[in-house]
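Residue numbers (our numbering): 559 to 883.
Positions of the beta carbon are idealized from the N, C-alpha and C atoms, including for glycine.
All values reported here derive from a predicted model rather than from experimental measurement.
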């Protein structure tokens, strides 16, 4: 497929170098997880949010902290608990008696990178406090709107629903996450390297920033300029339409999901050193972008069909474009 890039070769190289610089820095703390690290960076550059779902002790929090340490921007960690209130996340309006007026005290959500740790341990009401800020980049409290600034990214971690004391995330909130992935256990080599350096209790603590916040914004602007051929756009459309026709799927990929897929593919393509998107970029991001957006029928689980199975089937059945539209 012949493509025409709208991004200069020098800009593509600068982006790829900056991307690899951050990825390598994070990987020094999260060993053997290059693909997951690159997914997290793609979310950040795309202006999206990441949901990490895995068993306890697999490095979800470490990944988020290592990414934050690699960026020269503010960071906050919110430990979600059953008694956490929405105002504990967004902030609260307080009456200042000395000045005789009300003032807004910002919550931890007003940081560039926010780690929402074990998000599914909080009540649905508190979880929903993130909906507005994740979608629109601002918080409304007592009728007043407060912007959180840019760059802004929420990395949420959650344990499997089967774990005691967890609440399932609302469907509307799941769709606010650009990607969902899992860290998983490290391979044999990485595991032995971690064990050999057991004296290091916090591998992210010593990391230094390698890019500045405004550079992340520049990377996002370059990603917006990446060329997407009409043939690739048609490929995404056909995949979305096919997802809505699968009998085991109650709700297929939405238009918002398609837009998220395209945005992520643009950022991924630049990291691969290309100023245009190819079908392989779309396929590579299929599972992290679609996995949490395909709502399965209640009987699908009993039949042993998962969203991952559906995605594999879609990628195998929908024809891949070979020529430009």
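Query, Result
"What did DSSP end up calling residue 701 once you bin it into helix, strand or coil?", "coil"
"Decide if residue 865 is buried, meaning its Cβ has at least 16 other Cβ atoms within 10 Å, or exposed.", "buried"
"Going by the DSSP bridge assignment, what does residue 696 pair with across the sheet?", "705"
"Figure out for me which residue from 832, 622 and 753 has the closest Cα to the Cα of residue 673.", "622"
"To test your reading of the DSSP string, which unbroken alpha helix (DSSP H) runs of 4 or more residues are found completely within the region 802-880?", "813-829, 837-842, 844-848, 856-860 and 865-875"
"Can you tell me whether residue 677 is buried or exposed, with buried defined as 16 or more other CB within 10 angstroms of its CB?", "buried"
"For residue 862, count the other beta carbons within 10 Å of its own beta carbon; 16 or more makes it buried, fewer makes it exposed. Which is it?", "exposed"
"Helix, strand or coil: which one does DSSP assign to residue 568?", "helix"
"Using the three-state DSSP reduction, which class does residue 883 fall into: helix, strand or coil?", "The predicted position of residue 883 is uncertain, since its pLDDT is 47 and thus under 50; a value taken from the coordinates is nonetheless stated next. It is coil, neither helix nor strand."
"Who pairs with residue 659 in a beta bridge, going by DSSP?", "654"
"Can you tell me whether DSSP reads residue 785 as helix, strand or coil?", "strand"
"If you reduce the DSSP assignment to three classes, tell me which class residue 578 lands in.", "helix"
"Apart from the five residues just before and just after residue 883, which ones in its own chain have a Cβ nearer than 7 Å to its Cβ?", "With a pLDDT of only 47 at residue 883, under 50, the local geometry of the prediction cannot be trusted, and no value is derived from it."
"Which one of 617, 829 and 645 has the shortest CA to CA distance from residue 681?", "645"
"Can you grab the Cα-Cα spacing for the pair residue 599 / residue 647, in whole Å?", "24 Å"
"With a Cβ-Cβ cutoff of 8 Å, do residue 874 and residue 762 count as a contact?", "no"
"Report the residue from 590, 701 and 708 whose alpha carbon sits nearest the alpha carbon of residue 606.", "708"
"Throw me the rounded Cβ distance for the residue 650 and residue 661 pair, which I believe falls under 8 Å.", "With 8 Å as the limit, residue 650 and residue 661 do not qualify as a contact, their Cβ atoms being about 10 Å apart."
"Within 10 Å of its beta-carbon, does residue 710 have 16 or more other beta-carbons around it, so buried, or fewer, so exposed?", "buried"
"Give the straight-line distance between the Cα atoms of residue 829 and residue 608, rounded to the nearest whole angstrom.", "18 Å"
"Along the chain, where does the alpha helix (DSSP H) that runs through residue 731 open and close?", "729-732"
"Going by C-alpha distance, which of 877, 849 and 835 is nearest residue 809?", "849"
"What's the call for residue 770, buried or exposed, on a 16-neighbour Cβ count within 10 Å?", "exposed"
"What residues are listed by DSSP as bridge partners for residue 639?", "In the DSSP output, where bridge partners are listed per residue, residue 639 has none listed."
"Going by the DSSP bridge assignment, what does residue 649 pair with across the sheet?", "664"
"Name the DSSP bridge partner or partners of residue 714?", "609 and 674"
"Assuming residue 823 and residue 835 form a contact by the criterion Cβ under 8 Å, report the distance between their Cβ atoms to the nearest whole angstrom.", "5 Å"
"Would you kindly check if the distance between the Cβ of residue 841 and the Cβ of residue 603 is under 8 Å?", "no"
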